[in-house]
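To keep things clear, I will list the structure first and then write my remarks on it.
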Amino acid sequence: SAVISQKPSRDICQRGTSLTIQCQVDSQVTMMFWYRQQPGQSLTLIATANQGSEATYESGFVIDKFPISRPNLTFSTLTVSNMSPEDSSIYLCSVDHGGGTGELFFGEGSRLTVL
Amino acid sequence: AQSVTQLGSHVSVSEGALVLLRCNYSSSVPPYLFWYVQYPNQGLQLLLKYTSAATLVKGINGFEAEFKKSETSFHLTKPSAHMSDAAEYFCAVSDGITSYDKVIFGPGTSLSVIP
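Listed in order, the protein sequences are those of chains A and B.
Residue 7 is where the first sequence starts when you use the numbering used here, and the numbers rise one by one after that.
Residue 51 is where the second sequence starts when you use the numbering used here, and the numbers rise one by one after that.
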């Protein structure tokens, strides 16, 4: 299994500001995935982060709005830029621990409220 | 493109009654299918997965699911509901089970258990 720590666990932000979410894994992993879960909704994949290369973004998500860093095999950050109330969501970091199981491990999420 | 539908955004059962949560998928290749559970204010946890072995899959906490290719379904069941089963349940699909394969989540079903 993998233990994932996310910071902050929750925050209240002002419109127009940016916030960076950190994701730390207790072991080295190849891919890290960032999901968004809007209130009462399912998870939507924002991007996939591979160490040493630029993140791959899903349709509807762009690097200028959600820049991602992946400096090593245990850490990643997601920044939510120029926030608006529509960005109020839970942002979840997840990893596939490998070994061909297909199982994703999730952090507890970062709950952002934008006023 | 892969997609997942879950019939019923809210399901309510009595304690001790059968739990049935429905999931149908669409995939252009043989799918890998998952059920995840999310307890309040927590990240997601894998319940069970289908990866082309046995069509009847047993998971944690007494849950099981059956893969039916002809019906493109992967419904989740539990013979007797417990109060602790109250949570959000997500069905998910993937093309593969390597670290590079994206997992697409369904809209979720909220399960309530009535004493």
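Note that beta-carbon positions come from the ideal geometry of N, C-alpha and C, so glycine has one too.
Since we're looking at a predicted model, the values are computed, not measured.
Query, Result
"Quick check on M89/A: does DSSP put it in helix, strand or coil?", "coil"
"Just to confirm the assignment: which complete beta strand (DSSP E) runs, minimum length 3, are found wholly within the stretch 14-70 of chain A?", "16-19, 25-31, 37-43 and 49-56"
"Taking the alpha carbon of G66/B as the reference point, which residue from S162/B, A142/B, G158/B and A131/B has its own alpha carbon closest?", "A131/B"
"Does the beta-carbon distance from Y41/A to L98/A come in below 8 Å?", "yes"
"Can you say whether M133/B is buried or exposed, counting buried as having 16 or more other CB atoms within 10 angstroms of its CB?", "exposed"
"What is the DSSP secondary structure of V145/B, counted as helix, strand or coil?", "As written in the sequence, residue 145/B is Asp, which differs from the Val given in the question. Three-state result, D145/B: coil."
"If you follow the beta strand (DSSP E) that Y89/B is in, where does it begin and where does it stop?", "That residue, Y89/B, is in no beta strand (DSSP E); it is neither H nor E in DSSP."
"Please report the distance separating the alpha-carbon of Q34/A from that of T80/A.", "5 Å"
"Do you know offhand how far F67/A's Cα is from P165/B's?", "43 Å"
"When you compare the CB positions of T26/A and T62/A, do they come within less than 8 Å of one another, or not?", "no"
"Which same chain residues, not among the five before or five after F39/A, have their C-beta less than 6 Å away from its C-beta?", "T54 and S100"
"Taking beta-carbon pairs under 8 Å, can you tell me which members of the stretch 149-162 of chain B lie near chain A?", "S149, Y150, D151, K152, V153, I154, F155, G156, P157 and G158"
"Ignore the nearest five residues each way along the sequence and tell me which others in Q28/A's own chain have a CB closer than 6 Å to its CB.", "K13 and T83"
"Exposed or buried, which one is Y89/B when buried takes at least 16 other CB atoms within 10 Å?", "exposed"
"Which class does D151/B belong to by DSSP, given the choice of helix, strand or coil?", "coil"
"If we define contact as Cβ-Cβ less than 8 Å, is L96/B a contact residue for chain A?", "yes"
"Which residues of chain B have a Cβ atom closer than 7 Å to the Cβ of F112/A, listed in chain order?", "G93 and L94"
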